[in-house]
Each structure stands twice: as structure tokens, then as C-alpha cells.
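Novice:
Numbering (this note's numbering), first residue to last: 54 to 117.
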């Protein structure tokens, strides 16, 4: 079984690169059973979306 430290590392890497099929499978199994890592993954997605919105707003205000 994958440890939480490995799962959070993969959840972070998932934002920057495609995971291998083995990584996806192991991460999927782990997050299905671990609510803390599932929540961490949701937070990572939220942070990414917020960061992208911030960059878009700054770009628009600099052009305006």
C-alpha cells in the first residue's frame, strides 16, 4: 500500500506531468481509502485554479 507521503507527492506531480498507468492506479487505490489524501488532492486543484485566475486578473489589469 502506498504511504500518504508518496500519495501527496504524486498528487503534486500530477499537476505538472502525466502520471504513468501504475502511478494512477496506486494513487487511485490510496485516495479511495484515505480521506486526508483525497482532501489534499482537492485542495491542490483549488490552489491551481485560484493561481490561474490571479494570473489572468493581473495580466488584464496590466493591459488596461
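For every residue, glycine included, the Cβ atom is placed at its ideal position computed from N, Cα and C.
The structure displayed is predicted, hence computed values, not measured ones.
Quick check: the Cα distance between residue 74 and residue 104, rounded to an integer number of angstroms?
Specialist: 28 Å
Novice: Determine the DSSP secondary structure at residue 64, reduced to helix, strand or coil.
Specialist: Reduced to three states, the DSSP call for residue 64 is helix.
Novice: As a quick exercise: from 60, 108, 114, 112, pick the residue whose alpha carbon is nearest that of residue 79.
Specialist: 60
Novice: Output the boundary residues of the alpha helix (DSSP H) element that contains residue 70.
Specialist: First-last for residue 70: undefined, no H or E at that position.
Novice: Mapping the DSSP letters down to three states, classify residue 56 as helix, strand or coil.
Specialist: coil
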